[in-house]
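**Q**
In my numbering, the protein residues as written are 393 to 559.
#1: State the Cα-Cα distance for the pair residue 540 and residue 498, rounded to the nearest angstrom.
#2: Are the beta-carbon atoms of residue 446 and residue 421 separated by less than 8 Å?
#3: Tell me whether residue 541 sits in a helix, a strand or coil according to DSSP, three-state version.
#4: Counting along the chain, where does the alpha helix (DSSP H) carrying residue 403 start and finish?
#5: Would you grab the beta carbon distance between residue 394 and residue 466 for me? Rounded to a whole angstrom, and I think it's under 8 Å.
#6: Are the CB atoms of residue 545 and residue 485 nearer to each other than 8 Å?
#7: Which residues in the same chain as residue 478 place their Cβ atom closer than 6 Å to its Cβ, once the five residues preceding and following it in sequence are excluded?
#8: Report the rounded CA-to-CA distance for residue 532 versus residue 434, giving the unit in angstroms.
#9: Out of curiosity, what's the CA-to-CA distance linking residue 480 and residue 431?
#10: Taking 8 Å as the cut-off, decide whether the C-beta atoms of residue 548 and residue 460 are in contact.
#11: On the three-state DSSP scale, how would you describe residue 470?
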């Protein structure tokens, strides 16, 4: 098992906080659905089904919406997006860059060797989620001028791997 050198987001506390906030709407929908079942009509059953579907969708949004992660370890990078996870070994990494685009400012962009030039952006490393990572967005500076901590960690780990490969 490779040692994790950097973890951009620790989703446990975010899920717990959002779970506490979302508990009331979810319970309201589930209890409301149970109450609607007491009606002696088809409308009560349909209302209950609708309430339970909304409750399940709220739970799904909570789980899927808090999946973002970025892990740097000795074997490569792991980019966890909302619905897909990318495990990229260091041998497939051609370069590591930092995005300068408006919406994804500061995000780590991994350039792959195969297919040549293919890029994968780590959404968990952007400036817009810096507070969730425990970093001050004001202390980071412009991504055009300074590399941010996720990019620095990924580049350092990639350099370590390249140095070990060249021996």
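Glycine is no exception: its CB is placed at the ideal position from the N, C-alpha and C atoms.
**A** Working from what's here:
#1: Residue 540 and residue 498 have their C-alpha atoms some 7 Å from each other.
#2: yes
#3: Helix, per DSSP.
#4: 403–428
#5: 4 Å
#6: no
#7: 471, 512
#8: 57 Å
#9: The straight-line gap from Cα to Cα measures roughly 54 Å.
#10: no
#11: strand
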